[in-house]
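Before any comments, here is the structure.
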Amino acid sequence: MIKLGVARKYHKNLLPYLEVLKLNSISLYEMGFAFSIPSELSKEVLEFAKENNIVLTGHLPFYINFGNKNQVDKSIEYLRKGLAIADKLNGVSVFHLGFYMKRNFTEIKADILRGIEEVLTLNLKNGYLGIETTGKQTAIGKYEEIIELIKSINHPNVIPIIDIAHMYARSNGLFPSKKEDFKKILDDLDKLSLKKLYFHAGGVEYDKGNEKKHISVKKCEPPLAFLLEELENRGQDAFVIIESPTSIEDIKWIRENKNDLLDYTHSQLLKNKKQNLLQEFF
Numbered sequence: 697m698i699k700l701g702v703a704r705k706y707h708k709n710l711l712p713y714l715e716v717l718k719l720n721s722i723s724l725y726e727m728g729f730a731f732s733i734p735s736e737l738s739k740e741v742l743e744f745a746k747e748n749n750i751v752l753t754g755h756l757p758f759y760i761n762f763g764n765k766n767q768v769d770k771s772i773e774y775l776r777k778g779l780a781i782a783d784k785l786n787g788v789s790v791f792h793l794g795f796y797m798k799r800n801f802t803e804i805k806a807d808i809l810r811g812i813e814e815v816l817t818l819n820l821k822n823g824y825l826g827i828e829t830t831g832k833q834t835a836i837g838k839y840e841e842i843i844e845l846i847k848s849i850n851h852p853n854v855i856p857i858i859d860i861a862h863m864y865a866r867s868n869g870l871f872p873s874k875k876e877d878f879k880k881i882l883d884d885l886d887k888l889s890l891k892k893l894y895f896h897a898g899g900v901e902y903d904k905g906n907e908k909k910h911i912s913v914k915k916c917e918p919p920l921a922f923l924l925e926e927l928e929n930r931g932q933d934a935f936v937i938i939e940s941p942t943s944i945e946d947i948k949w950i951r952e953n954k955n956d957l958l959d960y961t962h963s964q965l966l967k968n969k970k971q972n973l974l975q976e977f978f
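697 is the number of the first residue of the sequence shown in the working numbering; add one for each residue after it.
The following block contains the structure:
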């Protein structure tokens, strides 16, 4: 089953927002731990989530930066706290790796592997660490880099977080843009024998290979419908977090237009192409 969810900044008083999700039949919520990582959530929140089958996951602070030698130890500590809260939630803690700074990926990779290896000594069984692709050229997290890291770590509780909007922006709108691109992504993930498939999706504005901001999925840049179709064709379960300014409305729109989503996507892609050609011409 494909579970569509939302991402929103974490607040100690979560119950009102969980009630909004319940009213909209949304059962997946990625909490953004912007500044710090809680050691636990309130009993009331956990009980409400359990009673209403709402899966809770988290996104760790953007302070994590394996590209800066002076921040590696602090980054490891964030991951340690992230895995601990994920274990309590039986969920995933998503994180970015930081920035290249003046180092190359090969140099940084050694620090990343060492850090994750240290964190995994906690030997927690129910929590997952999710390494996310990034949408800016200066940020560690090309698609190929994330796949390489997952292969090197080779641990069932460390998974890739494939953000198709980030990848689309980073490639300047080239990948993933076709059905074949999404088949390739899922073929790559199949080879990793993952226990969980976890995606971020939504529309994105970009410039020169860099993400500018998230926009509605209705723009079809990248075409989310192709990912959903391929997952359904394969009968694969997956979490798909919709990152857009109107994520709840976008999820409702996806559900209401499920049967016509591919036709709409093809027409929107053609419209986008014409608009881009006009912009180039003028």
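The beta-carbon is built from N, C-alpha and C at its ideal position, and this holds for glycine as well.
Distance, Cα to Cα, Gln833 vs Gly905?
-> Each residue's Cα considered, the two are about 7 Å apart.
Measure the alpha-carbon distance for Ile858 versus Glu840 and round it to whole angstroms.
11 Å
| task | May I ask which residues mark the beginning and end of the alpha helix (DSSP H) holding Glu907? | result | Note, Glu907: premise wrong, no alpha helix (DSSP H); beta strand (DSSP E) at 906-911.
Inset, instruction - Inspect the beta-carbon positions of Ala865 and Tyr902 and report whether they are closer than 7 Å. - result: yes
Are there 16 or more other CB atoms within 10 angstroms of the CB of Leu818, so buried, or fewer, so exposed?
-> exposed
Hey, could you find the ends of the beta strand (DSSP E) Tyr894 is sitting in?
Tyr894 -> beta strand (DSSP E) spans 894-897.
query: Do the stretch 880-887 and the stretch 807-824 meet, that is, are 3 or more Cβ pairs less than 8 Å apart?
result: no
Query - Exposure of Leu831, with buried meaning 16 or more beta-carbon neighbours within 10 Å - result: This sequence places Gly at residue 831; Leu is not what is there. Flag for Gly831 reads buried.
- prompt: DSSP on Ile808, reduced to helix/strand/coil?
  reply: helix
When you compare each of Lys718, Ile855, Gly794, Phe762 to Lys892 by their alpha carbons, which one comes out closest?
When the alpha-carbon of Lys892 is set against those of Lys718, Ile855, Gly794, Phe762, the nearest one is in Ile855.
* Using a Cβ-Cβ cut-off of 6 Å (strictly less than) and excluding sequence neighbours within five positions of Asn868, which residues of its own chain qualify? -> Gly905
Glu747 in three-state terms, based on DSSP: helix
Beta carbon of Phe895 nearer than 7 Å to that of Val936: Yes.
* Asked: From what residue to what residue does the beta strand (DSSP E) around Asp859 run?
  -> 854-859
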